[in-house]
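First the structure, in the form of structure tokens, and then the observations on it.
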Amino acid sequence: MNIHEYQAKGLLRAYGAPVAEGRVVLRGEEAK
0 MNIHEYQAKG LLRAYGAPVA EGRVVLRGEE AK
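Numbering that gives the first Met the number 0 puts the sequence shown at residues 0 to 31.
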């Protein structure tokens, strides 16, 4: 199986597995 990370996260969520949320940041100050 060859899938992208976002597709894998969707599959894991569909089966109730905990998946970390992510977001795009442009500067280091925006990262937590």
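For glycine and all other residues, C-beta sits at the position ideal for the given N, C-alpha and C. In this text the structure is predicted, and so the values were computed from the model without any measurement.
C-alpha distance - residue i paired with residue j, whole-angstrom precision
i	j	result
A19	A13	14 Å
N1	G15	21 Å
V11	E28	In the sequence as displayed, the identity of residue 11 is Leu instead of Val. Each residue's Cα considered, the two are about 30 Å apart.
Reference residue i, options the options, closest by Cα
i	options	result
G21	G15, Y5 and E28	Y5
K8	R26, N1 and P17	P17
Supposed close pair residue i, residue j - CB separation, criterion 8 Å
i	j	result
V23	A30	Not confirmed; about 10 Å, so no contact.
Closer than 6 Å: residue i CB and nearest the ligand NAP heavy atom
i	result
V18	No copy of the ligand NAP occurs in the structure displayed, which carries no ligand at all.
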